[in-house]
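In numbering that gives the first Met the number 0, the protein residues as written are 0 to 279. A virtual CB, placed ideally from N, CA and C, is assigned to each residue, including glycine. Here is the structure we will look at.
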Amino acid sequence: MEGKNWLKGAWDLHIHVAPDVVKRKCTERVVAQRMHEKGMSGGAIKCHFFETIARATLANEDYPDIKIVGGITLNRSVGGLNPEAVLKAGMLGGKMLWFPTMDAAAFQEYKHKGDNSFDSSGLLRVCGKYGELKPEVYTILEAAAKYDMVTGTGHLEPEEGLKVVEAAFSKGVKKVVLTHVEHPAIDYSVAQQKEAVLQGAYIEHSFNNVHFGRCTMEKMIEQIREVGPEHVILTGDFGQHDAPYFDDAMQSYLETFAESFTEDEINAMVVKNPEYLICG
0 MEGKNWLKGA WDLHIHVAPD VVKRKCTERV VAQRMHEKGM SGGAIKCHFF
50 ETIARATLAN EDYPDIKIVG GITLNRSVGG LNPEAVLKAG MLGGKMLWFP
100 TMDAAAFQEY KHKGDNSFDS SGLLRVCGKY GELKPEVYTI LEAAAKYDMV
150 TGTGHLEPEE GLKVVEAAFS KGVKKVVLTH VEHPAIDYSV AQQKEAVLQG
200 AYIEHSFNNV HFGRCTMEKM IEQIREVGPE HVILTGDFGQ HDAPYFDDAM
250 QSYLETFAES FTEDEINAMV VKNPEYLICG
């Protein structure tokens, strides 16, 4: 639909902001300003290595008409699988919890595939040597349930991620997301996505992975069609210094999606579903 502002009322629950340990496009205050200008409802700011909850609070003071939330990612810089860090993040008002991303063993093993000198022994795994979830995972999920945090599987391999999904619901977590399932380091099958959906999880697809050539638009569209837009959230996962601003990229990709999905289906994926996760 030419000329339509696809961002009006939309949410983006995956935006990386500066300052960070890697170069980013802009700060959370610029994110808030751009959301305000485009008529967005809000979004989530993310950092792989530090909490973003306090920063989200400050951004909301500048633009009270939108809702920006922060969270914590369980990489080594916050103690890895650290229940106390999650508990304090929840107490601070954090809405988002991501299991390990950059320090997940599965992600780094993919990144260093073919490198015989690579040692992943110090990286993070949620399962023990017999495939059982570690005790601290359950304590983390109890804290997430207590503070109604949206729990994302991060960069865990699918088998680990699905175990986290099952355990999350068993511990009372109400909102669970399979993090950008199309990333080649993760690459959940459609069958695995449907398994998570049957338990109540949402499936995240991020346009970042199309933009940087990690996934084709055709594959993403096909997977969403098979799983159903009613179970999907679309995010940007933008903020890279060499990528467009998150809002410009989302608008462009949603224009492309409009060739394959109805307005109501797109509304479900960028307005209704993410709004439920944050406000429901």
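- request: Starting from residue 10, follow its DSSP beta bridges and name the residues at the other end.
  value: Here residue 10 refers to the residue found at position 11 when the sequence shown is read from its first residue. Paired residues: 41.
- prompt: Excluding five sequence neighbours on each side, which residues of the same chain lie with their C-beta closer than 6 Å to the C-beta of residue 40?
  reply: Residue numbering aside, residue 40 sits at position 41 when the sequence shown is read from its first letter. Same-chain partners within the cutoff: 8, 10.
field: Cα-Cα separation between residue 65 and residue 215, rounded to whole angstroms
entry: Looking up residue 65 in the sequence shown gives position 66. Looking up residue 215 in the sequence shown gives position 216. Cα atoms of residue 65 and residue 215: separation of roughly 32 Å, rounded to the nearest angstrom.
Beta-bridge pairing of residue 23 - partner residues as DSSP gives them: The residue labelled residue 23 in the question sits at position 24 within the sequence shown. Residue pairing of residue 23 in beta bridges, as defined by DSSP: 239.
query: Near residue 58, which residues of its chain fall below 8 Å by C-beta distance, leaving aside the five closest residues on each side in sequence?
result: Position 59 of the sequence shown holds residue 58. The residues are 27, 28, 30, 31, 44, 67.
- request: Output the distance between the C-alpha atoms of residue 47 and residue 164, rounded to the nearest integer angstrom.
  value: As a first step, residue 47 is located in the sequence shown; it is residue number 48 there, counting from the start. As a first step, residue 164 is located in the sequence shown; it is residue number 165 there, counting from the start. Distance between residue 47 and residue 164, taken at the CA atoms: about 20 Å.
query: Which residue comes first and which comes last in the alpha helix (DSSP H) that contains residue 163?
result: On the sequence shown, position 164 is the one that residue 163 refers to. Unbroken alpha helix (DSSP H) run through residue 163: 157-169.
task: Count the other C-beta atoms from every protein chain shown that fall within 10 angstroms of the C-beta of residue 187, then say buried if there are 16 or more, exposed otherwise.
output: Here the question's residue 187 lines up with position 188 in the sequence shown. So residue 187 counts as buried.
query: Are residue 112 and residue 125 touching if we call contact CB-CB under 8 Å?
result: Reading the sequence shown from its first residue, position 113 is the one you call residue 112. Reading the sequence shown from its first residue, position 126 is the one you call residue 125. It is not a contact, given that the beta carbons lie outside the stated cut-off.
field: Nearest-angstrom beta carbon gap, residue 86 and residue 142 [assumed within contact, 8 Å]
entry: In the sequence shown, residue 142 corresponds to position 143, counting from 1. In the sequence shown, residue 86 corresponds to position 87, counting from 1. With 8 Å as the limit, residue 142 and residue 86 qualify as a contact, their Cβ atoms being about 4 Å apart.
message: One question on the structure: do residue 201 and residue 33 come within less than 8 Å of each other, judged by their Cβ atoms?
response: Translated into positions along the sequence shown, residue 201 becomes position 202. Translated into positions along the sequence shown, residue 33 becomes position 34. The answer is no: Cβ separation not under 8 Å.
- request: Reducing DSSP to helix, strand and coil, say where residue 89 ends up.
  value: Residue numbering aside, residue 89 sits at position 90 when the sequence shown is read from its first letter. If DSSP states are grouped into helix, strand and coil, residue 89 belongs with the helices.
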